[in-house]
Ligand SMILES: NC(=O)c1ccc[n+]([C@@H]2O[C@H](COP(=O)([O-])OP(=O)(O)OC[C@H]3O[C@@H](n4cnc5c(N)ncnc54)[C@H](OP(=O)(O)O)[C@@H]3O)[C@@H](O)[C@H]2O)c1
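In my numbering, the protein residues as written are 395 to 707.
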């Protein structure tokens, strides 16, 4: 990619797509192609083909997807597997047939087995059963990885697949039920502070350990790999550091300044006990995360306060 390459960012209004767009703009890439869902529904193949035939992008960041937390995955399994399969099939196939030079497909570390070795190396893919609460989404993502590898093998199409860990930052979805754990916690502590509630109840025991990467770090990693990585094997993107849900909740409580009680509802599911990605491959390639969790959370909460009237929910 050079500064004048024609680059399509699919999903540019989302958490990841908006961060990639922001970063490319700061790096003075000047031919950035975006379409809102209302302009281009990526589940409609004919529309996707027409878009690629007319616009002929040279590079593609595939950051469009149906994404959500445990509750959303549990409630809308059909949409999670259908929409993600349709979106990635249409874009990867059209990108190949209309001469895209390189495509970066965004998967997620939820593709790895529920009881994968920790930290999770890329090689543990398809070595055990998945976490049931998000298997619909995970299966779609695994199909996307295999499609990229198959198009590279049969057609020599330069598609790479990157597997980010849990992400957070500005532009996230703060819906109380459908959001991921981190933005949901920010929202709940903030609302409890505003409404002077005596306590905030968090799902589970608080003991599961998670890794969180700020989305601005992810954006730099995606552009770095688009520029420097041309292999079929998947690459994890993370910080290599983990925190318990209890520690995360306490950190967010302090950053929001909520004075009430923090309670854990142990009758609710915990999900995967531990989820830490092995980032040694990416480190060897020359990239490392720069934003630590506390700074990232403070930045995200400031953004939330400044955008309360138009947050996604
Ligand atoms: N969030 C995370 O923690 C996380 C972690 C690891 C990997 N990832 C990966 O990163 C990628 C992006 O996730 P995200 O967190 O940025 O999700 P997101 O914030 O929900 O953004 C997804 C974007 O895709 C667009 N989209 C969805 N269906 C569409 C359709 N049918 N037609 C056109 N646009 C459509 C959405 O448009 P609207 O704005 O109109 O809804 C939205 O802008 C996904 O592949 C996901 O697997 C995310």
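For every residue, glycine included, the Cβ atom is placed at its ideal position computed from N, Cα and C. Since the structure is predicted, the reported quantities are computational estimates derived from the model, not experimental observations.
Can you give me the C-alpha to C-alpha distance between residue i and residue j, rounded to a whole angstrom?
i           : j           : result
residue 597 : residue 515 : 28 Å
residue 677 : residue 692 : 26 Å
residue 407 : residue 457 : 10 Å
residue 642 : residue 549 : 45 Å
residue 660 : residue 400 : 50 Å
residue 608 : residue 449 : 31 Å
residue 586 : residue 576 : 15 Å
residue 415 : residue 475 : 26 Å
residue 589 : residue 651 : 13 Å
residue 507 : residue 532 : 10 Å
residue 462 : residue 694 : 18 Å
residue 658 : residue 451 : 48 Å
residue 570 : residue 545 : 39 Å
residue 644 : residue 524 : 29 Å
Assuming contact is defined by CB atoms lying nearer than 8 Å, are residue i and residue j in contact in what I supplied?
i           : j           : result
residue 719 : residue 632 : Because the chain here runs from 395 to 707, residue 719 falls outside it and cannot be looked at.
residue 503 : residue 557 : yes
residue 429 : residue 445 : yes
residue 614 : residue 417 : yes
residue 580 : residue 646 : yes
residue 478 : residue 460 : yes
residue 521 : residue 663 : no
residue 510 : residue 442 : no
residue 624 : residue 685 : no
residue 495 : residue 552 : yes
residue 620 : residue 395 : yes
Kindly examine ligand 1 and report whether one of its heavy atoms sits closer than 7 Å to the Cβ of residue i.
i           : result
residue 567 : yes
residue 484 : no
residue 580 : no
residue 475 : no
residue 435 : yes
residue 704 : no
residue 630 : no
residue 465 : no
residue 615 : no
residue 574 : yes
Which residue wins for smallest C-alpha separation from residue i, given the options the options?
i           : options               : result
residue 699 : 541, 649, 500 and 486 : 649
residue 424 : 494, 453 and 600      : 453
residue 398 : 411, 419 and 675      : 419
residue 635 : 441, 477, 611 and 603 : 603
residue 667 : 622, 601, 617 and 506 : 601
residue 627 : 703, 536, 560 and 696 : 536
Should residue i go down as buried or exposed, given a rule of 16 or more other Cβ atoms within 10 Å for buried?
i           : result
residue 547 : exposed
residue 582 : buried
residue 701 : exposed
residue 630 : buried
residue 404 : buried
residue 669 : buried
residue 421 : exposed
residue 689 : exposed
residue 665 : buried
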